[in-house]
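Participant: This is the structure I want to talk about, given as structure tokens.
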Amino acid sequence: MTELIEQPPLTLAAEARAALGKRNLVLIGLMGAGKSAIGRMSAQALGIPFVDSDHEIERVSRMSIPDLFATYGEAEFRALETRVIKRLLRSGPRVVSTGGGAYINENTRRHIKRGGLTVWLKADLDVLWERVSKRDTRPLLKTENPRQTLENLMNARYPIYAEAEVTVISRDVRKETMVDEVLAAIAATRKI
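Read in this note's numbering, the sequence shown has 123 at position 126, and its numbers run on one by one without any break.
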């Protein structure tokens, strides 16, 4: 008679990593949703590299995002963003944190959907405002009423962000809690 050896259960990170396979994990959402912080911690938990597309754009252009916007305008910035994200998605798996407007561009969105599992970090206006109002580095919020601008961005972008495969609510909890929720959501895609 053969003895069955019971395997220990996989950890949440191992389950998420298995569900991800060779795909990239791409985090989308508005500025202040936590894409960079949660992305970095998720990558560490998954044992794969992390890259922030905005940092990569700044590296290849040798300019800051605000300077790119000021010098070349949003349209040129978005074209560069698409090229950078397309390149980042070629090798994986890795966690890619995208700028808030990246997924809005249809061409970029198509590359993201093809190259990875998309997780939308969805936050309400009060949470976002609390986070982004502390810094003066957001080109799109350099308006007369930045909170209203942020709300307008939510109204315009949330229906498109809703195309993501997974949505995780970003709120004021410990970052480790958010990472666990992202990992659980990724792991759940394997069971679908």
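Glycine residues also receive a C-beta, built at the ideal position from the N, C-alpha and C atoms. On a predicted model such as this, the values are computed, not experimentally measured, just so you know.
From residue 166 to residue 81, what does the alpha carbon distance come to, in whole angstroms?
Facilitator: Whole-angstrom Cα-Cα distance: 27 Å.
Participant: Can you give, in chain order, each stretch of the beta strand (DSSP E) that sits fully within the region 13 to 58 and has at least 3 residues?
Facilitator: Here the runs fully enclosed are 21 to 25, 47 to 49.
Participant: Return the residue from the list 87, 168, 127 that minimises the CA-CA distance to residue 19.
Facilitator: Minimum Cα distance to residue 19 is reached at 87.
Participant: The beta strand (DSSP E) spanning residue 164 covers which residue range?
Facilitator: First-last of the beta strand (DSSP E) with residue 164: 163 to 166.
Participant: Where does the unbroken alpha helix (DSSP H) through residue 112 begin, and where does it stop?
Facilitator: From DSSP, the alpha helix (DSSP H) with residue 112 extends over 103 to 112.
Participant: Short check: CB of residue 186 to CB of residue 11, under 7 Å?
Facilitator: No; because the gap between Cβ atoms is not below 7 Å, this pair is not in contact.
Participant: What residues in its chain sit with their C-beta under 6 Å from that of residue 14, if we drop five residues either side in the sequence?
Facilitator: So the qualifying residues of the chain are 43.
Participant: Quick check on residue 170: does DSSP put it in helix, strand or coil?
Facilitator: If DSSP states are grouped into helix, strand and coil, residue 170 belongs with coil.
Participant: Per DSSP, what are the beta-bridge partners of residue 117 in this structure?
Facilitator: In the DSSP output, where bridge partners are listed per residue, residue 117 has 25, 164.
Participant: With 16 as the cutoff for other CB atoms within 10 Å, does residue 90 come out buried or exposed?
Facilitator: Buried, since its Cβ has 16 or more Cβ neighbours within 10 Å.
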